[in-house]
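Undergrad:
Residue numbers (our numbering): 1 to 561.
Next up, the structure:
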């Protein structure tokens, strides 16, 4: 078991779950997290005073604690944590970094349980279905485990068996998580600008799809068909006769894990070629098929003895629709021309950016990014660096990156890291450049006319805007007549004066309360009600402290302005 796990880890590893026990465990985690977040914002909780370095160190410690606690809570929270690791628009970078390390390697369940599940799902005993079946699994994860077997027809296969009681655990956990999502949605601070219910529903959809092995089998078949013309990509074949919603039987395709660089070199394979092929395979998935592997970590990609790439685990896949691809092209044109307004509008159309009343800060952030990144040649840029800066800008801004976008960016970063491990000179953007140019050319006709096509497109857009201007003015006047248009003017000086006036009124109220309580305490003391007088005097002292703080705040405001 990995160092850092607690003694209560994997308490969920059973078939029968107590909903009350789960409720206590989950809410204990949430309430402890809320307390630690509250403490993080209190300057008095830092020895020697608060500094940025101390806050960063505390964020790091908290992120590690969150990761380990999610491991303790089991499959639902391991998967939710992995999904949250793609939401850098919601969580600080320290949390995203730790959540991306979540690896669901957990203790295996017993062979007797495997026999029972296969009998229930396939209707026959293991000896009737397989010529041999290894009782010790090749790998065990939170959702299931994999056993090597041989069919009676002689084909070597791997059998993926779902963990017992998993659906029941999901039902209990997701019901509790729905209440947590509602709590955060209604929270005055964390609910503002966040669609927690939508995030919860997205997590539910992905989780239920991932534990449906029939869906995973269909994904594997689709992926294999998309690469049937490429001999350097291998995808295991699905044996549908031995597959159900909880049992998946695949062709046994062994290989060297793509991150085992020395083993690949020892096998006499070209590491540079494999690095380029890994990037090319993913670009083909995105640009040609629109159907891509959403979790291409090194454990899901291997290399065959002849140098072909082998893909495993098709439970989490992504799709890119044609209209999304067009929207991405609009964003690319805006980036290429360093047009911040165009990029903002394209991101709003893609649903990656939520329009707010004041888009100025967002537009300035995007323009800053364009001015600082476009000074480098395309092929010299790093996907990981760009995505990190994107997420840094997006955090606490109205950006709402769709799951597809974040899956793609994380996959690019992972593949770039693997590629550099295989070949220190590898550059993902250099491999992607011809594919991007081809896509831009296809979207705009021939390469030679791309500039004129873009110019004509902009001219058509301007003319359309010009012709539509009278109608837009007429609509605006109608709204003014109906009272549907509201004009909001903000005066900082007026707001300051109103705030000061409000504080003065509050100070007068405090003074009246202090006077009343002091008089009452004096009368009680004169009449020998000593303890009652002390109690009233303490209340007056507390209100006096509030009044002093208010006066100090007023003095500070006066000095600032």
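Ideal Cβ placement from N, Cα and C applies to all residues, glycine included.
Keep in mind the model is a prediction, meaning the values are calculated, not measured.
Report yes if the C-beta distance between residue 315 and residue 210 is below 7 angstroms; otherwise report no.
TA: Yes, they are a contact pair.
Undergrad: Since I believe residue 236 is in contact with residue 143 (beta carbons under 8 angstroms), could you give me their beta-carbon distance rounded to a whole number of angstroms?
TA: Residue 143 to residue 236, Cβ: 18 angstroms. No contact.
Undergrad: For residue 411, I'd like the list of residues in its chain whose CB is within less than 6 angstroms of its CB, leaving aside the five on either flank, ordered along the chain.
TA: Result list for residue 411: 296, in chain order.
Undergrad: At 4 residues or longer, and completely inside the region 139 to 196: list those alpha helix (DSSP H) runs for me, N to C.
TA: With a minimum length of 4 residues, the continuous alpha helix (DSSP H) runs that stay inside the region 139 to 196 are 166 to 185.
Undergrad: If you follow the alpha helix (DSSP H) that residue 114 is part of, which residue opens it and which one closes it?
TA: Here the alpha helix (DSSP H) through residue 114 covers 111 to 122.
Undergrad: So, for residue 133: in the same chain, excluding its five sequence neighbours on each side, which residues have a beta-carbon less than 7 angstroms away from its beta-carbon?
TA: Contacts found: 126, 147 and 149.
Undergrad: Assign residue 160 to one of two classes, buried (16 or more other C-beta atoms within 10 Å of its C-beta) or exposed (fewer than that).
TA: Buried is the call here.
Undergrad: Please work out which residues of its chain come closer than 7 angstroms, Cβ to Cβ, to residue 248, disregarding the five sequence neighbours upstream and downstream, and give them in chain order.
TA: The residues are 160, 213, 216 and 217.
Undergrad: Return yes when the Cβ of residue 35 is within less than 7 angstroms of the Cβ of residue 58, no when it is not.
TA: The answer is no: Cβ separation not under 7 angstroms.
Undergrad: Of the residues 370, 232, 520 and 349, which one's Cα is nearest the Cα of residue 305?
TA: The residue with the shortest Cα to Cα distance from residue 305 is 232.
Undergrad: State the DSSP-derived secondary structure class of residue 554, mapped to helix, strand or coil.
TA: In the structure shown, residue 554 sits in a helix (DSSP, three-state: H, G or I).
Undergrad: Tell me, to the nearest whole angstrom, how far the beta carbon of residue 23 is from that of residue 180; I am working on the premise that it is less than 8 angstroms.
TA: Not really, about 11 angstroms apart at Cβ, beyond 8 angstroms.
Undergrad: Count the other CB atoms, across all protein chains shown, that sit within 10 Å of the CB of residue 187; report buried if there are 16 or more and exposed otherwise.
TA: So residue 187 counts as exposed.
Undergrad: Using the Cβ count rule (16 or more neighbours within 10 Å means buried), how would you classify residue 154?
TA: Classification for residue 154: exposed.
Undergrad: Could you check if residue 378 is buried or exposed, using at least 16 other CB atoms within 10 Å of its CB as the buried criterion?
TA: For residue 378, the predicted model reports a pLDDT of 47, less than 50, meaning its position is unreliable and no value from the coordinates is stated.
Undergrad: Please name the residue, chosen from 537, 73, 66 and 141, that lies closest to residue 95 on a Cα-to-Cα basis.
TA: The candidate whose alpha carbon is nearest that of residue 95 is 66.
Undergrad: Could you check the C-alpha separation between residue 253 and residue 62 for me, to the nearest Å?
TA: C-alpha separation (whole angstroms): 40 angstroms.
Undergrad: Do residue 302 and residue 256 have their C-beta atoms closer together than 7 angstroms?
TA: The answer is yes: Cβ separation under 7 angstroms.
Undergrad: Write down the C-beta distance between residue 168 and residue 17 rounded to the nearest angstrom, noting that I regard them as a contact closer than 8 angstroms.
TA: Indeed, because the Cβ distance is near 6 angstroms, the residues count as touching under 8 angstroms.
Undergrad: Give every residue of the same chain whose Cβ lies closer than 7 angstroms to the Cβ of residue 60, excluding the five residues on either side of it in the sequence, and list them in chain order.
TA: The residues are 94.
Undergrad: For a test of the three-state rule: what should DSSP assign to residue 318, helix, strand or coil?
TA: It is a strand residue.
Undergrad: Relative to the alpha-carbon of residue 136, which residue among 199, 115 and 151 has its alpha-carbon at the smallest distance?
TA: Comparing Cα positions, the closest option is 115.
Undergrad: Please state the DSSP three-state secondary structure of residue 379.
TA: At residue 379 the pLDDT is 47, less than 50, meaning the model places this residue with poor confidence; the figure from the coordinates comes in the next sentence. Residue 379: helix per DSSP, three-state reduction.
Undergrad: Tell me the residue span of the alpha helix (DSSP H) that contains residue 249.
TA: From DSSP, residue 249 is part of no alpha helix (DSSP H) but of the beta strand (DSSP E) over 247 to 251.
Undergrad: At what residues does the alpha helix (DSSP H) containing residue 266 begin and finish?
TA: Residues 261 to 266.
Undergrad: Determine whether the beta carbon atoms of residue 77 and residue 99 lie at a separation below 7 angstroms.
TA: No, Cβ-Cβ distance for residue 77 and residue 99 is not below 7 angstroms.
Undergrad: Can you name the start and end residues of the beta strand (DSSP E) that residue 566 belongs to?
TA: The shown model of the chain, from 1 to 561, leaves out residue 566, and the question about it has no answer.
Undergrad: Can you list, in chain order, the residues of its chain whose CB lies under 6 angstroms from that of residue 138, leaving out five sequence neighbours each side?
TA: Contacts found: 146 and 148.
Undergrad: For the ligand MG, is there a heavy atom less than 6 angstroms away from the beta-carbon of residue 314?
TA: With respect to small molecules bound, the structure shown includes none, and the ligand MG cannot be examined in it.
Undergrad: Starting from residue 234, follow its DSSP beta bridges and name the residues at the other end.
TA: Answer is 310.
Undergrad: Looking at the unbroken beta strand (DSSP E) that takes in residue 131, where does it start and where does it end?
TA: Where residue 131 is concerned, the enclosing beta strand (DSSP E) stretches over 130 to 133.
Undergrad: Per DSSP, which one or two residues make a beta bridge with residue 256?
TA: Answer is 303, bridged to residue 256.
Undergrad: Once the 5 residues before and after residue 539 are set aside, which same chain residues still bring their CB inside 6 angstroms of it?
TA: Once the five neighbours on either side are set aside, the close Cβ partners of residue 539 are 517.
Undergrad: Any chance the region 281 to 289 sits against the region 265 to 272, with 3 or more Cβ pairs inside 8 angstroms?
TA: Touching, no.
Undergrad: Rank 523, 360, 282 and 291 by C-alpha distance to the C-alpha of residue 309 and give the top, closest one.
TA: Ranking the options by Cα distance to residue 309, first place goes to 282.
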